[in-house]
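Novice: The numbering used here puts the first residue of the sequence shown at 3, with every later residue one more than the last. Glycine included, every Cβ here is placed at the ideal spot set by N, Cα and C.
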Amino acid sequence: MARLLQALFLTASAGRALASCAYGTFLHPRAEGEEVPVATFGYTGVIGPHNWAALELPTNNACATGTRQSPIDMVANVFEVIPASDVTIEVNDMPDGADFENLGSTVEVITQGGTLAFDGKTFELQQFHFHLPSEHLDNGTSQAMEMHMVWQSAAAEIAVVGLYINIATGEVTTNITAPATKREITSRSRLFGKRQAQAPVAGATGPTTLLETIFSVVDQISTPGTKVKTPPLVMSEVVDLIKAGSFQAYSGSLTTPPCSEGVNWRVSTQKLSISPASFVKARDVIGFNSRFPQNTPGQPNILMVSALGSAAAAVSLSSTPAKAA
Ligand SMILES: [Zn+2]
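1) Who are the near neighbours of Pro260 in its chain, counting only those whose CB is closer than 6 Å to its CB and skipping five residues on each side?
2) Excluding five sequence neighbours on each side, which residues of the same chain lie with their C-beta closer than 6 Å to the C-beta of Pro226?
3) Measure the alpha-carbon distance for His131 versus Pro323 and round it to whole angstroms.
4) Hey, out of Thr108, Lys229, His150, whose CA is closest to Gly289's CA?
5) Confirm the yes/no value for this check: CB of Cys65, any heavy atom of ligand 1, distance under 6 Å.
6) When DSSP labels each residue in this structure, what does Pro51 get in the three-state scheme?
7) With 16 as the cutoff for other CB atoms within 10 Å, does Thr211 come out buried or exposed?
8) Between the beta-carbon of Gly99 and the beta-carbon of Pro209, is there less than 7 Å?
9) Does the separation of the CB atoms of Ser255 and Gly68 fall below 7 Å?
10) Report yes if the CB atom of Phe281 is closer than 7 Å to the CB atom of Ile169, and no otherwise.
11) Sort Thr271, Leu319, Ser224 by Cα distance to Glu148 and report the nearest one.
12) Based on the DSSP output, what are the partners of Phe154 in its beta bridges?
13) Is the beta carbon of Ile244 less than 7 Å from the beta carbon of Ala86?
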């Protein structure tokens, strides 16, 4: 009987559009000419992340029971630092533009080739999409947005490169506008040399061209299930930035149903920037699509912990004598 129920559940969910962060991978393959699927899960209320498991049992079980769920607070000791030089990363430019889709759960760019290689494994880039605000926390701090580049290996392993996005201040810190004396040049050179040795300061640089180009057309896909062609996309700017930093690596999960584990997370220490105007355009279409931070990897799923807490509270309530009004 249990098997029959399980089979019925699986049949019922097979045709449903997950439109998850894994769209375009083996977990949810993209068919040629397929219409843009719209997610059946959301981020608030009964279709929100506290109830994802119940939306499709047993497919989404890991959302409520998995012990290596993402996103997490990226604090010391939960990740391993890997220099980007230990990783091969290449992404093809898209001179004819790319399909940019509104899946209801996110907005996603369909990529046209790219390779990520580490630990003797090679992954192919499938797509990248956006979360607002960031899903991972940078040492306890939420960032304006987060970009997820989703890769898959021939052995059906998934890797996701996470990139925080902050709002650009528009200040170009390395511009010298006025003629300088020899002494000033010397002191400025020292200053710039010091700055270049550090990671870029979040939000202190100009906007990332790739993001400005993509979000210039986001208002044309304000309705879930629609798509548009972006202007030509140059990927080298972001790839070069990633290569100049490090990765915070850990083994986690998809941050959307079915919350599958075994995902190779590589969160970059480099940050992208978006102009205030583009951020507002992105926010008006994306709304809110960030799963709440999960428990420390290896610890019990936080929903199991809270279910026990709720049960204890209910018992406590029922055993407390009613007070006279
Ligand atoms: Zn994602």
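Specialist: So, from the listed chains and residues:
1) Within the same chain, Pro260 has close Cβ partners Thr61, Asn62.
2) The residues are Val40, Asn104, Gly106.
3) Just so you know, the alpha carbons of His131 and Pro323 end up roughly 52 Å apart.
4) For the residues Thr108, Lys229, His150, the minimum Cα distance to Gly289 belongs to Thr108.
5) Taking 6 Å as the cut-off, one finds no heavy atom of ligand 1 near enough to the beta carbon of Cys65.
6) It is helical.
7) So Thr211 ends up on the exposed side.
8) The beta carbons of Gly99 and Pro209 sit no closer together than 7 Å.
9) For the pair Ser255 and Gly68, the CB atoms are nearer than the 7 Å cut-off.
10) Taking 7 Å as the Cβ cut-off, Phe281 and Ile169 qualify as a contacting pair.
11) Checked all of Thr271, Leu319, Ser224; the closest Cα to Glu148 is Thr271.
12) The question names Phe, but residue 154 in the sequence shown is Gln. In DSSP, Gln154 forms a bridge with Glu126, Ile160.
13) In contact: Ile244 and Ala86 (Cβ atoms closer than 7 Å).
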